[in-house]
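Residue numbering for the sequence shown is 3 to 354, as defined by the numbering used here. For every residue, glycine included, the Cβ atom is placed at its ideal position computed from N, Cα and C. Input: a single structure, listed below in structure tokens.
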Amino acid sequence: MYEDRTPETITKDILDGMGDGINTVEGSFAADAAARQALEMSKIYGHLDEIRRKVLLLELAGEELREKAREYDIEPKQGTFAKFEIVVQTMGVCTIPKGAVIVTDDGQRFLTADVLEAMADGEHSLLIVANTVGKIGHSYTPDEIRFLRVYHNLNKIIDAHMVSDGTNEESDAELLARVHQRLRTPPGSGNKTDYKRWAMEVEGVGEARVIPKKYGPGTVAVLVIGQDDEEASTEALIACYDHIMQECPLVAELSVEPIERVQIDVQATIVADSGIIDQIKDKFMDTMAAYLKKIAASDKAEFVSCNKVRGLLCAIEGVDDYTALTVNNGTVNIAIPADKVPILGDVVIENA
Numbered sequence: 003m004y005e006d007r008t009p010e011t012i013t014k015d016i017l018d019g020m021g022d023g024i025n026t027v028e029g030s031f032a033a034d035a036a037a038r039q040a041l042e043m044s045k046i047y048g049h050l051d052e053i054r055r056k057v058l059l060l061e062l063a064g065e066e067l068r069e070k071a072r073e074y075d076i077e078p079k080q081g082t083f084a085k086f087e088i089v090v091q092t093m094g095v096c097t098i099p100k101g102a103v104i105v106t107d108d109g110q111r112f113l114t115a116d117v118l119e120a121m122a123d124g125e126h127s128l129l130i131v132a133n134t135v136g137k138i139g140h141s142y143t144p145d146e147i148r149f150l151r152v153y154h155n156l157n158k159i160i161d162a163h164m165v166s167d168g169t170n171e172e173s174d175a176e177l178l179a180r181v182h183q184r185l186r187t188p189p190g191s192g193n194k195t196d197y198k199r200w201a202m203e204v205e206g207v208g209e210a211r212v213i214p215k216k217y218g219p220g221t222v223a224v225l226v227i228g229q230d231d232e233e234a235s236t237e238a239l240i241a242c243y244d245h246i247m248q249e250c251p252l253v254a255e256l257s258v259e260p261i262e263r264v265q266i267d268v269q270a271t272i273v274a275d276s277g278i279i280d281q282i283k284d285k286f287m288d289t290m291a292a293y294l295k296k297i298a299a300s301d302k303a304e305f306v307s308c309n310k311v312r313g314l315l316c317a318i319e320g321v322d323d324y325t326a327l328t329v330n331n332g333t334v335n336i337a338i339p340a341d342k343v344p345i346l347g348d349v350v351i352e353n354a
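Structure follows, in structure tokens:
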């Protein structure tokens, strides 16, 4: 913002303001004094720019944003570790220590959560935990997973399945949205806004809707969706229920449930350069996902507007026109009840 306030420009402004009777040529007393003063003043402008950047939430990122969030009593979500259970086959006495490293074909690393002490031939279960937080999103076959080192009498891994997937660390955009929600809707005494905020504080919860009296007077239903618009895991639902019960100052019959998702499919025929259709589709999917996420964040019944979808598509650079566009195989708005959220489904973009 103050990039133009350099020592040179400030020096010139100072010297231009001096009277005609003062010698301001380079090397004069006035020029040297002005240059020294201008240098110090330019440093102040530099600090003002930094202060402005740190005060404005939209300018913050990374650890600075996380520190600002904590000022509002908002703890950033750190993410969780994925957990798998494997079954190993041993041929006699075999010991596998806690913390033994297991690697997968796609580069993931896991650590055994407990010690295995096998005293004879057999099959034994082992819990393994990812060594980094984050969502994995799929399971592994026994052929895709192996111990990093060889253990005496360990024959092979014969089964592997996911116990619970991990969750990603909260992104800057997600955290910023929670900070904005806190500023726009200050905490109350157990109102609808509070229930939503408590739900959103839980790892694995991507969005939440609160429906008071869903099952009658004195009941509150919190409907949640997981990260990346996927169904919330059982672990996330339980953690959400426990967290809200700890925070809620009122006695209410609480239910925490996975929210029903409405898939939104879009098919369009456009007029554009055939060489950029894939890029247009990627940009459209990003803008559509953001549009649907905004609807999901609402606390009331909404609808997906066909006109809005057309506008989003035509606004993408490279799209000259469209000849056909359907949303869920039709051209009418898609109603989204208060107890459901829209998610992006299949997107087909073709050139006319």
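Check, Outcome
"Three-state secondary structure (DSSP) of Asn-309", "helix"
"Residues bridged to Lys-158 (per DSSP)", "Gln-91"
"The alpha helix (DSSP H) enclosing Pro-9, as first and last residue numbers", "9-18"
"Burial state of Val-117, where buried means 16 or more other Cβ atoms lie within 10 Å", "exposed"
"Minimum length 4: unbroken alpha helix (DSSP H) runs contained in the segment 162-208", "174-186 and 194-202"
"Own chain partners of Asp-267 with C-beta closer than 6 Å, once the 5 adjacent residues on each side are dropped", "Asn-330, Gly-347 and Asp-348"
"Where the beta strand (DSSP E) containing Ala-340 begins and where it ends", "Taken as a continuous stretch (DSSP letters only), Ala-340 belongs to no beta strand (DSSP E), as it is neither H nor E."
"Straight-line Cα distance separating Leu-17 from Ala-36", "7 Å"
"Cβ contact (3+ pairs, closer than 8 Å) linking the segment 59-68 and the segment 178-186", "yes"
"Val-89 versus Ile-159: straight-line alpha-carbon distance, rounded", "6 Å"
"Segment contact, 8 Å Cβ cut-off, at least three pairs: the segment 124-142 with the segment 69-84", "yes"
"Straight-line Cα distance separating Gln-91 from Thr-106", "18 Å"
"Contact belief for Pro-1 with Ala-303 at Cβ below 8 Å, rounded distance in angstroms", "With the chain covering 3 to 354 only, the question about residue 1 has no answer from this structure."
"Whole-angstrom C-beta distance between Leu-239 and Val-212, which should lie under 8 Å", "At roughly 15 Å, the Cβ-Cβ gap does not stay under 8 Å, so Val-212 and Leu-239 are not in contact."
"Distance, Glu-125 Cα to Gly-218 Cα", "50 Å"
"Under the three-state DSSP convention, the category Arg-151 falls into", "coil"
"Pick from Ala-354, Leu-256, Leu-225 and Pro-214 that is closest to Gln-269, judged by C-alpha positions", "Ala-354"
"Top-ranked residue by Cα proximity to Gly-228, from Asn-170, Gln-265, Tyr-197 and Asp-275", "Asn-170"
"C-alpha distance - His-140 paired with Met-164, whole-angstrom precision", "8 Å"
"Helix, strand or coil at Leu-62 according to DSSP, with G and I counted as helix", "coil"
"Proximity below 8 Å, CB of Leu-294 to CB of Pro-260", "no"
"Simplified DSSP assignment, three categories, for Cys-242", "helix"
"CB-CB length for Lys-285 against Ile-318, believed under 8 Å", "5 Å"
"Beta-carbon proximity check, Val-264 vs Asp-323, cutoff 8 Å", "no"
"Own chain, CB closer than 7 Å to Glu-234, minus 5 neighbours either side, in chain order", "Strictly speaking, residue 234 in this sequence is Ala, with Glu absent from that position. Closer than 7 Å at Cβ, skipping near neighbours: Gly-206, Val-207, Val-226, Ile-227, Gly-228 and Pro-260."
"Of the residues Asp-167, Val-334 and Ser-173, the one placed nearest Glu-237, counting alpha carbons only", "Asp-167"
"Rounded distance between the beta-carbons of Leu-128 and Ile-98, thought under 8 Å", "7 Å"
"Option nearest Ser-173 by Cα separation, candidates Arg-68, Thr-8, Pro-188 and Asp-22", "Arg-68"
"Residue interval of the beta strand (DSSP E) (run including Leu-113)", "111-114"
"Helix, strand or coil at Gly-124 [DSSP, three-state]", "strand"
"Rounded C-alpha distance that separates Lys-100 from Ala-241", "27 Å"
"Lys-137, DSSP secondary structure in three states", "coil"
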